[in-house]
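Protein chains in written order, with this note's numbering: chain A, 13 to 937; chain B, 19 to 141; chain C, 81 to 146.
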């Protein structure tokens, strides 16, 4: 059964899902709830590195060179270890300078040079177009193969399809549409596309799953695991060759050069820069990506060799292109669903690459090629136009469409001539040319604009000569003699053996010459030339990005009018966006509106950053120069400012750190001292209070004892009165000693608890019975309000009784002298029992309501008559209640009596319950 | 005419004992239960000697002592401070404020009476 | 801060380890048609070294995160 309709339907549905994800991501970003702000999405989106070249091409490359496909993934793994050093710096520099592409990066580093930006853009476009073509080719040929299901037939070589029947054209147009919708929705100074990134991360997931699925099917479905597959593969004549590295030096050399090349491309491919630098939400996401991204690469490569061998064994030699094994293996075994999944996986690999690459390139084309030209072209009158944001978006959209069509044209022209994998490496070698200018720019202050220009130019020319032209020759666009004999039959100019250098493979050969020329020219010209002051300033900002906090504004002197600057930015970003941006900027500076802004260096710097996002750093500078009268800075001045700034920064940072440390140490000392003093004071207070309280009854006892002793002739009545005082004070002393000991035990946790389930009502009745005598003597009425049913509580009976007695005797002590009344009420709350003991005395001042719970604090209502008591009853009661997990407190107002209340938790053993059940066990033991 | 003594203490039983002792020794005794009351009593009729507890409600013994020493008219008055806090600091603080003697609780009745007698005999 | 520079240094060390693992002459040691558990030696070595490198990077990153 042909799959035709189903393929189209599934592909359509898949692209629909992509649209939906991208749309959702953008919507979420608009409301500030980013879905891509996590390291996993970041790492997944980085896997845009794995294109259809990986998805289909790895197997093709493995069929030709065995383990030779691996360096392309080992290189990025090695570079991932350096991400923290290199990529993080790139991200930091780009964020600080609002850099949105590699072209922008290089242009900005070398004095915001428009010429450099243009050159980089040119190299990137020329280098990457074939790569885009490759993706289109992969999609269209996988489609054609699947279309013929169940037949397995390679698409006819050189088949003369009219463009309108060519699926690749429709793929190109559809992708252009998608990219335009989500890549150029609006102009943004940061040039980030959250929806697009979300869709790319999703694509990475899909292609990985699809590849793993086919790998597992082949390895474990068609064969019995790796060992079985490899054992059977020994039958293949090529087996040994594929599983070892052919010859010694030569192959190790190309292995190393491929690792090196792919290390550079993971940093400098425009799509990688776009995803890992421009779209980076948070620098710290990089950390996790350092191991997640290589893990992804590992996973997508595990099954490459098994699939290769299976393909070689299953299909007669030459009948099926090895590039198509991934797709044809499931087809040959009638696995329609798997074949469809593989097709979708390949589609996702191709579309992901194309979308990100064209967005990155269109940004470059717009900011570093089109804008500088338009600005120079007076007749176009750009400087006079009021709102340019529409024009900018138009340029970008046009660029995307143009790139896609160029890719298509390249595919049509050269498509069948050259194997997939070589095209990818040609592109890699092209972007590797950015390495000296980029890395040099990040770590070497002396690199100059002239050096970068000559290095890039020479490297690009050598690359074109040694890789691009031979590729053209192989496609038949140039005579083959160009390769074989060299141009005009000059042997030492043979492009594949330049100056007679032989023994390297094409890529290694080209890489050696182009990077040698590139680096040599860059370093040489830089060392023998001079930097302008602007170049030098930019160099310091880039190289010292972690030291100087990315503020270039101190280098600017001049004058401008605020409204002019805002209007200028408005022309590129749209007036509304510009107004918003400057209002935010004003608010950050604590100004009411942008009208109150001062036209200082910071403002111009801010404006430049805003513009840079939309039109690139070089163009932004030119535009701003038109409204700002800038006084040129001398080289010495720039150096002075920067040196001073960095010195001051370093010095102040050191000082700050030292003073922080001192402050912290002093603070700690002070706190420790305060704690000690507090402890000391508390201890002293306690001891002196205890002794004072004990000495008071002791004084009376001693005085009366001596009086009785010295006056044997005292009247019996007087004598009896004195003895009664002695007895009473002795009792007071005993009580006090007991309570001090009791409290000490409670506080140190050594008290004994005999916890049991209690009927609180019964305990209250007991307490009332005990105090009834006392109450009667004082003429105090007592009211009792107990509910019919009181649920049991877990407590120590004696302790609870102690609390109740204390509260009742307190109440009796303070209630009204003439008509004293105490009311005791119990309420059953949802989780606790609550007991209120209310008197009708004078009440307690709010100020005293806390102090009465402190040790030895007594609040007497009558100043002439000190209340009898130890001042320990309430603190002890509170300790007891809190031990049971309850709370004891007082509510009172002057003249309205006082209510002491406590709660006891009900039922389920709480933490407190566990605590006392623990001590209970101890007691038993 | 017998010498007058004012007792300023807030512990009723201690007051009773002091009252008994001093009356028995032949002094005219008045009682104040807090610092404020003591000052008022002194204003009405300055005693020859004041037995002053330190821990008094409303106005502490130290404050009372200070106020007395600030008034030149009351310079002849003898002040004996009583305290349950027997710490060195308090003793020196009391003496610095102009107390004539310092007795810690619990006291020996004989010593207290001897101290009072000595101080009043000086005059 | 010290933690971060230490992390960077560890990662650089891993980079160098990786360069060593994936190049001549270590590679030549495993470049033969022998098999381990039926799996070609070079294939097994490359993926094992690769996985080891990833695990080490993960340890460096995740441990210094804490």
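The beta-carbon is built from N, C-alpha and C at its ideal position, and this holds for glycine as well. Bear in mind that the values here come from a model prediction, so they are computed numbers and not experimental data.
Asked	Found
Partners in chain A for residue 88 (chain C), counting only beta-carbon separations shorter than 7 Å	96 and 97
Cβ-based burial, residue 721 (chain A) [other Cβ within 10 Å; buried from 16]	exposed
Residue 22 (chain B) at chain A interface by Cβ criterion, 8 Å	no
Nearest candidate by alpha-carbon position, reference residue 216 (chain A), set A:59, A:620 and A:126	A:59
Spatial distance of residue 311 (chain A) from residue 51 (chain A) (CA atoms)	18 Å
Beta-carbon spacing of residue 906 (chain A), residue 854 (chain A) below 8 Å	yes
Contact set between residue 79 (chain A) and chain C, taken where Cβ atoms lie within less than 8 Å	122, 123 and 126
Closest Cα partner of residue 253 (chain A) within the set C:122, C:137 and C:134	C:122
Short CB-CB distance (under 8 Å) between residue 171 (chain C) and chain A	The structure shown does not extend to residue 171 (chain C), since chain C is modelled only from 81 to 146, so the question has no answer here.
Cβ neighbour criterion (16 or more within 10 Å) applied to residue 277 (chain A)	buried
Residue 180 (chain A) and residue 148 (chain A) closer than 8 Å at C-beta	yes
Closer than 8 Å to chain A by CB, residue 111 (chain B)	no
Assigned exposure category for residue 711 (chain A) - 16 Cβ within 10 Å defines buried	buried
Closer than 8 Å at the beta carbon, the chain B residues around residue 715 (chain A)	32, 35, 36, 39, 124, 125 and 127
Secondary structure of residue 938 (chain A), DSSP reduced to three states	Chain A is shown only over 13 to 937; residue 938 (chain A) falls outside these bounds and no answer can be derived.
Contact set between residue 88 (chain B) and chain A, taken where Cβ atoms lie within less than 7 Å	Per Cβ cutoff of 7 Å: no residues; residue 88 (chain B) is ~24 Å from chain A at best.
C-beta contact flag for residue 898 (chain A) and residue 859 (chain A) at 8 Å	no
Under 9 Å by beta carbon: chain C residues contacting residue 302 (chain A)	91, 137, 138, 140 and 141
Three-state secondary structure assigned by DSSP to residue 908 (chain A)	coil
Alpha-carbon to alpha-carbon, residue 673 (chain A) and residue 461 (chain A)	44 Å
Within chain A, the residues that residue 132 (chain B) reaches when beta carbons sit closer than 8 Å	The premise fails here: residue 132 (chain B) is roughly 13 Å from chain A at the closest Cβ pair, so nothing lies under 8 Å.
Neighbourhood of residue 9 (chain A) by C-beta distance below 6 Å, restricted to the same chain and skipping five residues each side	Because chain A is modelled from 13 through 937, residue 9 (chain A) falls outside the range shown and cannot be assessed.
Residues near residue 113 (chain C) in its chain [Cβ-Cβ closer than 8 Å; skip 5 each side]	120 and 121
Spatial distance of residue 16 (chain A) from residue 151 (chain A) (CA atoms)	15 Å
Neighbouring residues, chain A, relative to residue 94 (chain C) (Cβ below 7 Å)	93
Beta-carbon proximity list for residue 84 (chain B), same chain, < 7 Å, skipping 5 on both sides	115
Nearest-angstrom Cα separation, counted from residue 702 (chain A) out to residue 118 (chain B)	27 Å
Residue 264 (chain A) (DSSP reduced to helix, strand or coil)	helix
Cross-strand partners of residue 113 (chain B) (DSSP beta bridge)	None, per the DSSP bridge assignment.
Counterpart residues of residue 851 (chain A) in DSSP-defined beta bridges	A:834
Sufficient close CB pairs (3 or more, under 8 Å) joining the stretch 240–251 of chain A to the stretch 483–503 of chain A	no
CB contact below 8 Å: residue 32 (chain A) versus chain C	no
Per DSSP, cross-strand counterpart(s) of residue 900 (chain A)	A:914
Proximity winner among B:47, B:70, B:125 and B:64, relative to residue 26 (chain B) (alpha-carbon distances)	B:70
Proximal residues to residue 130 (chain C) (C-beta, below 6 Å), its chain only, five neighbours per side dropped	none
Within-8 Å CB hit, residue 516 (chain A) to chain C	no
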